[in-house]
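Take a look at the structure set out below.
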Amino acid sequence: MVPSVATEAHMAFGSTALFDSHFNVAHGLKILSYAVPLMGLCLDYVRTHQSLKRTAEKLAASQAKSRAIVDVAVNGVITIDEKGVIDAFNPAAERIFGYAAHEVIGRNVSILMPEPYHSAHDGYLSRHMETGENRIIGIGREVSGRRKDGSTFPLKLAVGEAEIDGGKLFVGYVVDITSTKETEAALITAKEEAEKANRAKTSFLSMVSHELRTPLTSIIGN
Numbered sequence: 004m005v006p007s008v009a010t011e012a013h014m015a016f017g018s019t020a021l022f023d024s025h026f027n028v029a030h031g032l033k034i035l036s037y038a039v040p041l042m043g044l045c046l047d048y049v050r051t052h053q054s055l056k057r058t059a060e061k062l063a064a065s066q067a068k069s070r071a072i073v074d075v076a077v078n079g080v081i082t083i084d085e086k087g088v089i090d091a092f093n094p095a096a097e098r099i100f101g102y103a104a105h106e107v108i109g110r111n112v113s114i115l116m117p118e119p120y121h122s123a124h125d126g127y128l129s130r131h132m133e134t135g136e137n138r139i140i141g142i143g144r145e146v147s148g149r150r151k152d153g154s155t156f157p158l159k160l161a162v163g164e165a166e167i168d169g170g171k172l173f174v175g176y177v178v179d180i181t182s183t184k185e186t187e188a189a190l191i192t193a194k195e196e197a198e199k200a201n202r203a204k205t206s207f208l209s210m211v212s213h214e215l216r217t218p219l220t221s222i223i224g225n
């Protein structure tokens, strides 16, 4: 189209030959008939480019907002793909497990698990992908985690599943419940100690009561 417009423009205005006004007007109109659609295409391109730019800006803003929400979350947030490879690890997860995000992203999530979970995890995930069997996905439960230093600790884990770009994304929400378990253990110990003291008190009172009754029985018998 552009070469045709240029040719017609040359014929109409750039030629040294003598043309009458009718010839020039006719070719001028022909040029316009090419130029108007070309201008329309240019405008469509500009509008499309601006629309794509706005869409990209909105998407970037949405992604930034999502990242900010995950980053400030109190609980650990870990995302993995359908092969179990970690692709997101928020600051709370860093604090819980002792790893920096760059140390675990790209590695299998089983590094965060002690045995027997460590060896069994990929099998669980494969079975879920093949059969839809849910052992933990969509079900919150208490499991054990393994920190970078190798120590283990109790945690509460809930896993959600989403489909993105034709693939599966699994999002794990992790809460370190070490302090909760320690409090529960302390309460159980305190309860056991109280029950033990109460049994000792009952036994002591029973013994004292018996000792007190024995002399009285002798006196009354005499």
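Per my numbering: the sequence shown = residues 4 to 225. Yeah, the Cβ is synthetic: ideal placement off N, Cα and C, and Gly gets one too.
With a Cβ-Cβ cutoff of 9 Å, do residue i and residue j count as a contact?
| i | j | result |
| --- | --- | --- |
| Ile99 | Ala91 | no |
| Phe156 | Thr181 | yes |
| Ala161 | Gly148 | no |
| Glu118 | Gly170 | no |
| Glu152 | Gly101 | Residue 152 is actually Asp in this sequence, not Glu. Contact flag set, yes. |
For residue i and residue j, what's the separation of their Cα atoms in angstroms?
| i | j | result |
| --- | --- | --- |
| Ala200 | Ser206 | 10 Å |
| Phe173 | Arg110 | 15 Å |
| Ala103 | Arg202 | 52 Å |
| Val177 | Gly79 | 5 Å |
| Asp168 | Tyr127 | 23 Å |
| Met210 | Tyr120 | 54 Å |
| Val112 | Arg130 | 16 Å |
| Ser154 | Met116 | 10 Å |
| Thr183 | Gln53 | 53 Å |
| Arg57 | Val146 | 44 Å |
| His124 | Cys45 | 55 Å |
| Asp179 | His105 | 21 Å |
Within the same chain, show all residues whose beta-carbon is closer than 7 Å to that of residue i, passing over the 5 residues directly before and after it, in chain order.
| i | result |
| --- | --- |
| Val107 | Ile89, Phe92 and Ile114 |
With 16 as the cutoff for other CB atoms within 10 Å, does residue i come out buried or exposed?
| i | result |
| --- | --- |
| Arg144 | exposed |
| Ile191 | exposed |
| Leu158 | buried |
| Ile142 | exposed |
| Met42 | exposed |
| Ala96 | buried |
Leaving aside the five residues before and after residue i along the sequence, list all residues of the same chain whose C-beta is less than 6 Å from its C-beta, in chain order.
| i | result |
| --- | --- |
| Leu208 | none |
| Lys194 | none |
| Arg150 | Phe100 and Gly101 |
| Gly163 | Val174 |
| Ile83 | Ile89, Val112 and Phe173 |
| Glu198 | none |
Take residue i and list the residues in its own chain whose beta-carbon comes closer than 8 Å to its own, dropping the five residues that flank it on each side.
| i | result |
| --- | --- |
| Glu166 | Leu172 |
Kindly examine the ligand GDP and report whether one of its heavy atoms sits closer than 8 Å to the Cβ of residue i.
| i | result |
| --- | --- |
| Leu158 | Among the components of this structure there are no ligands whatsoever, and the ligand GDP is therefore not found. |
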